[in-house]
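In our numbering, the protein residues as written are 14 to 124.
All C-beta atoms in this analysis are idealised placements derived from N, C-alpha and C, irrespective of residue type, glycine included.
Below is one structure; the comments refer to it alone.
Quick look at the structure:
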């Protein structure tokens, strides 16, 4: 497999691209990388992807099956990140509404 073939194969792996996007966004939300570093991290993942595609040509991995699994993992990561972020936003808005002493939405019965 040539480098050109590897690049073409990598471009067709939608699950891998989705996983890279999900991982980078999770790392940004977690504060592990800053917005300006995202391009460098994505580039690193792309190089890793080329290496994996070349390795699949040597060792005979089935890229379509691996790509499907990666797509499922990326969907799980995006969903979990949204749920976790949603919990944080709920607490923030509750604090804002409570401080504003808004009727009903800002009411808290806890001590």
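Check whether the stretch 90 to 110 and the stretch 49 to 62 are in contact - that is, three or more C-beta pairs closer than 8 angstroms.
No: the two stretches stay apart, fewer than three of their Cβ pairs being nearer than 8 angstroms.
For residue 45, the first and last residue of its enclosing alpha helix (DSSP H):
Numbered from its first residue, the chain shown carries residue 45 at position 32. It is not in any alpha helix (DSSP H) - residue 45 carries neither H nor E in the DSSP assignment.
Please state if the CB of residue 44 and the CB of residue 80 are separated by a distance shorter than 8 angstroms.
Along the chain shown, read from residue 1 onward, the residue named residue 80 stands at position 67. Along the chain shown, read from residue 1 onward, the residue named residue 44 stands at position 31. Residue 44 is positioned such that its CB atom lies no closer than 8 angstroms to that of residue 80.
Buried or exposed for residue 89, going by 16 or more other Cβ atoms inside 10 Å?
Taking the first residue of the chain shown as 1, we reach residue 89 at position 76. So residue 89 counts as exposed.
Range of the contiguous alpha helix (DSSP H) that encloses residue 58:
Stepping through the chain shown from its first residue, residue 58 is reached at position 45. Where residue 58 is concerned, the enclosing alpha helix (DSSP H) stretches over 51 to 72.
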